[in-house]
Amino acid sequence: MEPLERYRSIIDDFDAFLAACKRPLGNAVRVNTIKTSVERTLAALDEEGVGYEQADWNPRVLDLETDSPGSTWTSFHGFTHGQEEVSAVPPVVLDPQPGERVWDACAAPGGKATQLAALMDDRGTVVANDNNLGRISALRFNAERLGATSLAVTNADARNYSLKRFDFDAFDRTLVDAPCSCEGTIRKNPDALDNWSEGHISSVAGIQKGIIRRAIQATREGGTVVYSTCTFAPEENEAVVQHALETESCRVVDFDLGLEHSSGLTEWDGETYDSSLEKAARIYPHQNDTGGFFVAKLEVTA
Amino acid sequence: MSDERTNDGQQFDRLPATAAERTVEGRATREEVVDYFADRFGIPSATFDDYTFWEKGAGKIWIYAGDAPTPIEIEAIGMTCLRTRQEHWKPTTDFVQRFGRHASDCVITLEREQARRFATGEDQELDWDGDWGYLIAAHEIAGELEPIGIGLYVHGELRSMVPKGRQRDLDS
Numbered sequence: 018m019e020p021l022e023r024y025r026s027i028i029d030d031f032d033a034f035l036a037a038c039k040r041p042l043g044n045a046v047r048v049n050t051i052k053t054s055v056e057r058t059l060a061a062l063d064e065e066g067v068g069y070e071q072a073d074w075n076p077r078v079l080d081l082e083t084d085s086p087g088s089t090w091t092s093f094h095g096f097t098h099g100q101e102e103v104s105a106v107p108p109v110v111l112d113p114q115p116g117e118r119v120w121d122a123c124a125a126p127g128g129k130a131t132q133l134a135a136l137m138d139d140r141g142t143v144v145a146n147d148n149n150l151g152r153i154s155a156l157r158f159n160a161e162r163l164g165a166t167s168l169a170v171t172n173a174d175a176r177n178y179s180l181k182r183f184d185f186d187a188f189d190r191t192l193v194d195a196p197c198s199c200e201g202t203i204r205k206n207p208d209a210l211d212n213w214s215e216g217h218i219s220s221v222a223g224i225q226k227g228i229i230r231r232a233i234q235a236t237r238e239g240g241t242v243v244y245s246t247c248t249f250a251p252e253e254n255e256a257v258v259q260h261a262l263e264t265e266s267c268r269v270v271d272f273d274l275g276l277e278h279s280s281g282l283t284e285w286d287g288e289t290y291d292s293s294l295e296k297a298a299r300i301y302p303h304q305n306d307t308g309g310f311f312v313a314k315l316e317v318t319a
Numbered sequence: 555m556s557d558e559r560t561n562d563g564q565q566f567d568r569l570p571a572t573a574a575e576r577t578v579e580g581r582a583t584r585e586e587v588v589d590y591f592a593d594r595f596g597i598p599s600a601t602f603d604d605y606t607f608w609e610k611g612a613g614k615i616w617i618y619a620g621d622a623p624t625p626i627e628i629e630a631i632g633m634t635c636l637r638t639r640q641e642h643w644k645p646t647t648d649f650v651q652r653f654g655r656h657a658s659d660c661v662i663t664l665e666r667e668q669a670r671r672f673a674t675g676e677d678q679e680l681d682w683d684g685d686w687g688y689l690i691a692a693h694e695i696a697g698e699l700e701p702i703g704i705g706l707y708v709h710g711e712l713r714s715m716v717p718k719g720r721q722r723d724l725d726s
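Going down the list, the sequences are from chains A and B.
Position one of the first sequence corresponds to residue 18 (the numbering used here), numbered consecutively onward.
Position one of the second sequence corresponds to residue 555 (the numbering used here), numbered consecutively onward.
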């Protein structure tokens, strides 16, 4: 937990934050509306005798009272998919519409990409990309199990992603759920901080900046880019969005979020960021009893 | 040089609409695929109006709802739905779970314990009055019939075709 000490000055009720980080997470699943409705999923869980609690902010997110959420009929039928509660936030913020062209730049293992497809009623095009071929097999497996027919899966480095393979030249919306130092997954992976170092943060931030820039370039004027990570480090969050503001045509925009959260930072470690970064959201584990997350919504302006 | 192209395992090619437009030997046509689902399982042809069908590798057919030019070299396009280029075409379990609810024929309804065994990949002896061959196995869940996967019915036995990675031990 020691690396997290650097956030003492920016997190309210830091002791509650640390205590939450030490508690394991429950078994969250997302209802896959490509396969069936929320109502029928709940009825199926009732039939199986599996208890659940629906998230206040999103009726499609459930906390299951079982030790083996993968061994339920609802999972077998692809009615549910194991996905952490905060991990269901970025697709909702991106708000894709049926028929649109959407890019998930770092998509494996596919929880968010299939959620995007579900939000689009599985109509339109979700390009689910990942640079890691090994993780793409997990993405494909999940996409098929969940019945997503609107996914096109590609294996490329998002930083220099080419649209030439398709017959369109821009996306309507793009999700950059960036590879990160994963500090916010400490409740799920107790060893998440084992290899923590400022050097690692700095190198991964370089990759994140490359991906967010390409995402903005590949999205049409007026389109939306959502940038998210599961980490607390401002170097990987606000600083990356700040870099995008300085180098690409975009602005940070407001969004509604039904979860308790804190505003994005406008200064950290001697650096200052654009005041619009306050519109970004930092979700801390003690606020909603979830993992940690960062989300910023950008509008492409040229 | 011949116009006749061969199947290229590295790329996805959209299926030709009909045999008259076929340029790759042995490739199924969209019409044949849609007719197969209608003839064998009673799935209305209109179910697939907004989808395209693609082949990659010998006989593996994919169903896709999005935009893409043909041919295209990517990792996956929609989901696998059917294996052709063999005597008996074989739908995938994931396709059956996604589209099988539109079927009216060759659907075998399993009781609770039979469904559980099917999901684990077990073969079982069962009575079935209809055609032999590939059937959609389904069971009642939350008040409606829900397809579980594809089975092969021969000689009084229903063989579960649920792929290993999809098989599960379900308690209830």
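Heads up, the beta-carbon is just placed ideally off N, CA and C, and yes, glycines get one too.
In the three-state DSSP reduction, residue 711/B falls in the strand class (E or B). By the CB criterion at 9 angstroms, residue 582/B and residue 664/B fall outside the cutoff. The alpha-carbon of residue 686/B is positioned some 18 angstroms away from that of residue 716/B. Using a Cβ-Cβ cut-off of 7 angstroms, residue 139/A is close to 619 of chain B, given in chain order.
Contacts with chain A at 9 angstroms (Cβ-Cβ) include residue 722/B. The Cβ of residue 605/B sits closer than 9 angstroms to at least one Cβ of chain A.
Looking at the backbone, the Cα of residue 699/B and that of residue 300/A are separated by about 40 angstroms. A straight line joining the alpha-carbon of residue 144/A with that of residue 261/A spans about 22 angstroms. Around the beta carbon of residue 225/A, a 10 Å sphere encloses 16 or more other beta carbons of the protein chains shown; the residue is thus reported as buried. Annotated three-state conformation of residue 590/B is helix, per DSSP.
Taking a Cβ-Cβ threshold of 7 angstroms, the residues of chain B close to residue 171/A are 628 and 629, in chain order.
By the 16-neighbour rule on beta-carbons within 10 angstroms, residue 570/B is buried.
Taking the beta carbon of residue 95/A as reference, the chain B residues within 7 angstroms of it are 651, listed in sequence order. In this chain, the alpha helix (DSSP H) harbouring residue 226/A covers 215-234. Rounded to the nearest whole angstrom, the C-alpha separation of residue 124/A and residue 287/A is 33 angstroms. Residue 316/A is positioned such that its CB atom lies closer than 9 angstroms to that of residue 241/A. By the Cβ-count criterion, residue 32/A is exposed, with fewer than 16 other Cβ atoms from all chains shown falling within 10 Å of its own Cβ. Counting only the Cα atoms, residue 648/B lies some 23 angstroms from residue 682/B. Secondary structure note for residue 653/B: it is in no beta strand (DSSP E), and the uninterrupted alpha helix (DSSP H) holding it is 647-653. By DSSP's assignment, residue 633/B forms a beta bridge with 617/B. In the three-state reduction of the DSSP assignment, residue 32/A falls in the helix class. According to the DSSP secondary-structure assignment, residue 678/B is paired through a beta bridge with 712/B.
Distances from the CA of residue 281/A to each of 213/A, 86/A and 249/A were compared; the closest alpha carbon is that of 249/A.
Listed as beta-bridge partners of residue 693/B by DSSP are 700/B.
What residue 184/A touches in chain B, judged by beta-carbon distance under 8 angstroms, is 621, 622 and 623, going in chain order.
When the beta-carbon positions are compared, residue 702/B and residue 640/B stay at least 9 angstroms from each other. With a minimum length of 4 residues, the unbroken runs of alpha helix (DSSP H) contained wholly in the region 128-164 of chain A fall at 128-136 and 150-162. Looking at the DSSP output, residue 285/A bridges to 288/A. Within chain A, the residues whose beta carbon sits less than 7 angstroms from that of residue 700/B are 94, listed in sequence order. Taking 9 angstroms as the CB threshold, residue 646/B lines the interface with chain A. A distance of 9 angstroms or more separates the beta carbons of residue 677/B and residue 140/A. Around the beta carbon of residue 217/A, a 10 Å sphere encloses fewer than 16 other beta carbons of the protein chains shown; the residue is thus reported as exposed. With fewer than 16 other Cβ atoms inside 10 Å of its own Cβ, residue 114/A counts as exposed. For the set 105/A, 25/A, 147/A and 118/A, the Cα lying nearest the Cα of residue 184/A is the one of 118/A.
The continuous beta strand (DSSP E) containing residue 311/A extends over residues 310-317. Of all C-beta pairs linking the region 306-314 of chain A to the region 595-615 of chain B, fewer than three are shorter than 8 angstroms, placing the two stretches out of contact.
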